[in-house]
Amino acid sequence: MDFVCNFPLLSILLCMISCVLCTLISPKQARRLTFGTEIAVLAMSTAVLAFTLNTGKPFTYVLGEFPAPWGNELRGGALEALMATAFSAVLICCVLGGQDYVRIDVDGSKQNLFYTLVNLMTSALMALVWTNDMFTGYVFVEILTLSSCGLIAARETGRTTLAAVRYMVMNLLGSGLFLLGVVLMYALTGHLLMVPAHEAITEIAAEGGKVPLIFTLAVMTIGLGIKSGLFPSYFWMPDTYGSSTPTGAAILSSLVSKGYIFLLLKIFLRVVGDEIWKDLPLRWVLAVLGMAGMVAGSVTAIRARNINRMAAYSSAAQIGYIYLGIGIGGTAGYTVALFQILVHAVTKSLLFITTPRLAAVSGESLLFEKLRGSGKRAKNAGVFFTAAALSMVGIPFFAGFSVKLFMAVSAAEYGNPAVFAGVMAVLGISSVLNAMYFIRTVVLIYADRKDPAETEAGSVTSGKVPCGSATYYAASVILVLGNLFLGLFAPVSVNMIRQGLSMFQ
Amino acid sequence: MIKGILNNYEEAVAVILFVAGLGMLLFRRNLIMKLIGMNIMDTGCFLFLASMGYISGRKAPILTALPAQGTDYVNPVPAGLVLTGIVVSVSVTAVMLSLSVRLYRRYHTLDIDAIYALSKHKLEDR
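From first to last, the protein sequence lines are chains A and B. For the first sequence, my numbering gives the first residue as 1, with consecutive numbering after it. For the second sequence, my numbering gives the first residue as 1001, with consecutive numbering after it.
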């Protein structure tokens, strides 16, 4: 076995070790250690990506040398490696871009604990990406939930605590159902490892016993659907993303929910297998819920009065795109779902690290009426926000456009006129709604203030945050470049995803 | 039907526990009650899991004398899973309790709707 095959486990362990170390050292050292760890994880994930693309076949890493039906496994293919690389890269940007606000929002003596949570979150996310065992998946789902709850509550105000409690209640419901699903799957197949479970399921399906399988999958899907914000359970999102510290909001919206979706996709494609999954009625339920989310998320976003809450509701709409892609199915559908995971991670994290900078020049307010003209006062934040907003709307050259294009193509490839018409209609409505609130916001932040006296007062920054620190610039520029890369060179990443899908099952 | 339930009484009890816990987690307004509900729900899962690994007439999977036969023992995997699950459940409960304490100190109530009403205007406006 090549040395590269150790990297998935090493990256999980490295994050855990650095998580423990962060509790012992000063905030400044903790920040540096976290940054170093993330860079190492990114490097290792990239190495695995290069390795798997090169060899063209996945590898299985057996923990403790116990063979298949008993032991625990990690599995590395190009898709897992691509996700791990993208997630760790976006994570670095989230940490860099929001670190000025961590200094303000988190109590001084507890800042190292914030980085502890970031490391714990990373290790759980990496474990969800790499694991090949359903129960391990459940354990790390809980760890991810706990650490993200900590990231919300790190900023100690009444509303973040409340948001954290609401988030936890919804998530506990989700993990309870997912645990039940895993237990039922074990009762059904006698296995927790994904590959032996798949063999058992193939036999069960051949004998015609699909009802228990559908029930089990439905329980798992509801569980992880609640946790990732699938319609109609997205109402916890605005409080959670809107009130936590920018790093927390960016990480939660762009990465944490994607971890759950990736695990769900793994269960559909690897445990159940595409040939059985594509005949189950469940995928149409997912597609319909995805479409409902695309419209409902956008409608609620239009009504929001606070820029962060608007961005949070738009997350619900974007998550809808992912589930619609999974529902359409086939290589084209899964590809667009996975591509949307990357695009949304890059775009939403950029939105959440720029909005506080717009608020900083508007009397620390995220309300739209106060933000009028803020793009002129904080020029860099205005430009970065506009780039992210244009991508969300789907302007060509930005990544959001490619997603919409591929979604239409995948619906066309499915070959059913009714499905194509439905998807195109919802895609059209969703794009118009997206344009309504994002373009409105861009126009608003470049508009003149109505009252000239207010302009004088508002142009003074509160002085708490440096208007543009080097780390914030670096993170934003990387995220914008990432977005343009996904938009202009979409075939590069799409080919990687297709290659990864071919070795995913 | 009744015979089937009697034969699988562990599973039946597990389902009752799970549904009762789920109902408490969803519909109770008191945070502590919600937490207890979550614990009952998890207990239902664990009972279900543990009952699957139990084979009547066999011993706990602890080797006392060699040579040992696999057919002498119950399935150890579900027991291991239940242990892991309990650890997870305990840590989640601890985190939730600490959050509840923090909320109580600020709002002097544990009723989630009342807390939400108290903070509603602040949530919208910043």
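Glycine is no exception: its CB is placed at the ideal position from the N, C-alpha and C atoms. Here the structure is a predicted model, which is why all the values come from computation and not from measurement.
(request) With 7 Å as the C-beta to C-beta threshold (strictly closer), list the residues of the region 146 to 173 of chain A near chain B in chain order. (result) Taken in chain order, the members of the region 146 to 173 of chain A whose beta-carbon sits within less than 7 Å of a beta-carbon on chain B are 146, 149, 153, 158, 159, 161, 162, 164, 165, 168, 169, 172, 173.
(message) Since residue 1032/B and residue 162/A should fall inside the 8 Å C-beta cutoff, what is the C-beta to C-beta distance between them, to a whole number of angstroms?
(response) The Cβ separation is near 16 Å, so there is no contact.
(request) Kindly list, in the order they appear in chain A, the residues whose Cβ is closer than 9 Å to that of residue 1009/B. (result) Ordered by position in chain A, no residue passes the 9 Å Cβ test against residue 1009/B, which lies about 16 Å from the chain.
(request) Quick one: using the 10 Å Cβ neighbour count with 16 as the cut-off for buried, is residue 291/A buried or exposed? (result) Result: buried.
(request) Assign residue 254/A to buried or exposed, taking buried as 16 or more other Cβ atoms, counted over all protein chains shown, within 10 Å of its Cβ. (result) Counting Cβ neighbours within 10 Å, residue 254/A comes out buried, since at least 16 surround it.
(message) Any beta carbon from chain A within less than 9 Å of residue 1006/B's own beta carbon?
(response) So, not an interface residue.
(message) So for residue 1074/B, helix, strand or coil by DSSP?
(response) Of the three classes helix, strand and coil, the one that applies to residue 1074/B here is coil, per DSSP.
(message) Please list the terminal residues of the continuous beta strand (DSSP E) segment that includes residue 72/A.
(response) Boundaries of the beta strand (DSSP E) harbouring residue 72/A: 72 to 76, taken from the DSSP string.
(message) Short of 8 Å Cβ to Cβ, which residues in the region 1091 to 1102 of chain B face chain A?
(response) Taking a C-beta cut-off of 8 Å against chain A, the contacting residues of the region 1091 to 1102 of chain B are 1091, 1092, 1095, 1096, 1099, 1100, 1102, listed in chain order.
(message) So, with DSSP's three-state summary, where would you put residue 409/A?
(response) Three-state DSSP puts residue 409/A in a helix.
(message) Assuming residue 306/A and residue 367/A are in contact, meaning their beta carbons sit under 8 Å apart, how far apart are those beta carbons, in whole angstroms?
(response) The C-beta distance from residue 306/A to residue 367/A rounds to 6 Å, short enough to meet the 8 Å contact threshold.
(request) Would you tell me roughly how many angstroms separate the C-alpha atoms of residue 1079/B and residue 1086/B, rounded to the nearest one? (result) Here the alpha carbon of residue 1079/B sits roughly 11 Å from the alpha carbon of residue 1086/B.
(message) Let me check one thing: in DSSP terms, what residues is residue 1111/B bridge-paired to?
(response) DSSP lists 1030/B as the bridge partner or partners of residue 1111/B.
(request) Mind listing the chain B neighbours of residue 179/A? Cutoff is C-beta to C-beta under 8 Å, in chain order. (result) Within 8 Å Cβ-Cβ: 1042, 1045, 1085.
(message) What are the residues in the region 315 to 349 of chain A lying within 7 Å of chain B by C-beta distance?
(response) From the region 315 to 349 of chain A, no residue has a Cβ closer than 7 Å to chain B.
(request) Taking residue 293/A and residue 252/A to be in contact with their CB atoms under 8 Å, please state how far apart those CB atoms are, rounded to whole angstroms. (result) Not confirmed; about 17 Å, so no contact.
(request) Taking a Cβ distance cut-off of 7 Å, strictly less, list which residues of the region 121 to 140 of chain A are near chain B, in chain order. (result) Flagged, chain order: 135, 139.
(message) Using 9 Å as the threshold, is the C-beta distance between residue 123/A and residue 16/A below it?
(response) Contact flag set, yes.
(message) Do residue 174/A and residue 225/A count as a contact pair if the criterion is CB distance below 9 Å?
(response) The Cβ atoms of residue 225/A and residue 174/A sit closer than 9 Å to each other.
(message) Along the region 85 to 97 of chain A, where does the CB come closer than 9 Å to a CB of chain B? Name the residues.
(response) Result list empty, no residue passes.
(request) State the DSSP-derived secondary structure class of residue 416/A, mapped to helix, strand or coil. (result) DSSP places residue 416/A in the coil class of the three-state scheme, outside both helix and strand.
(request) Kindly indicate which residue of 259/A, 176/A, 395/A, 496/A has the alpha-carbon position closest to the one of residue 332/A. (result) The residue with the shortest Cα to Cα distance from residue 332/A is 496/A.
(message) I'd like the span of the beta strand (DSSP E) that includes residue 63/A, first residue to last.
(response) Residue 63/A -> beta strand (DSSP E) spans 59 to 63.
(message) Within 10 Å of its beta-carbon, does residue 1065/B have 16 or more other beta-carbons around it, so buried, or fewer, so exposed?
(response) For residue 1065/B, the number of other beta carbons within 10 angstroms of its own is below 16, and it is reported as exposed.
(request) For residue 458/A, decide whether its Cβ has a neighbour in chain B, counting only Cβ atoms nearer than 9 Å. (result) Legend: pLDDT at residue 458/A = 49, less than 50; position of this residue unreliable, value from coordinates given subsequently. Not one beta carbon of chain B lies nearer than 9 Å to the beta carbon of residue 458/A.
(message) Taking its Cβ as the centre, do 16 or more other Cβ atoms sit within 10 Å of residue 479/A, making it buried, or is it exposed?
(response) Under the 10 Å beta carbon count, residue 479/A is surrounded by 16 or more other beta carbons and is classified as buried.
(request) Per DSSP, which residues does residue 193/A bridge with? Please list them. (result) Bridge partners of residue 193/A: 133/A.
(message) Considering only DSSP beta bridges, list what residue 289/A is partnered with.
(response) Per DSSP, residue 289/A has no beta-bridge partner at all.
(message) Would you call the region 114 to 134 of chain A in contact with the region 367 to 376 of chain A, where contact means no fewer than 3 C-beta pairs closer than 8 Å?
(response) No, the region 114 to 134 of chain A is not in contact with the region 367 to 376 of chain A.
(message) In the DSSP output, what is residue 1059/B paired with across the bridge?
(response) According to DSSP, residue 1059/B bridges with 1073/B.
(request) Output yes if chain A places a C-beta closer than 9 Å to the C-beta of residue 1056/B; else output no. (result) For residue 1056/B, the answer is no, since every Cβ of chain A falls outside 9 Å of its Cβ.
(request) Give the single residue among 1011/B, 1013/B, 1042/B, 1009/B whose Cα lies nearest to the Cα of residue 1025/B. (result) Residue 1025/B has its Cα closest to that of 1042/B, out of 1011/B, 1013/B, 1042/B, 1009/B.
(request) Quick one: give me the first and last residue of the alpha helix (DSSP H) that residue 364/A is part of. (result) For residue 364/A, there is no enclosing alpha helix (DSSP H), as DSSP marks it with neither H nor E.
(message) Short of 7 Å in beta carbon distance, which residues of its chain neighbour residue 90/A, apart from the five on each side in sequence? Order them along the chain.
(response) Cβ neighbours of residue 90/A beyond the five flanking positions: 254, 255, 345, 346, 349.
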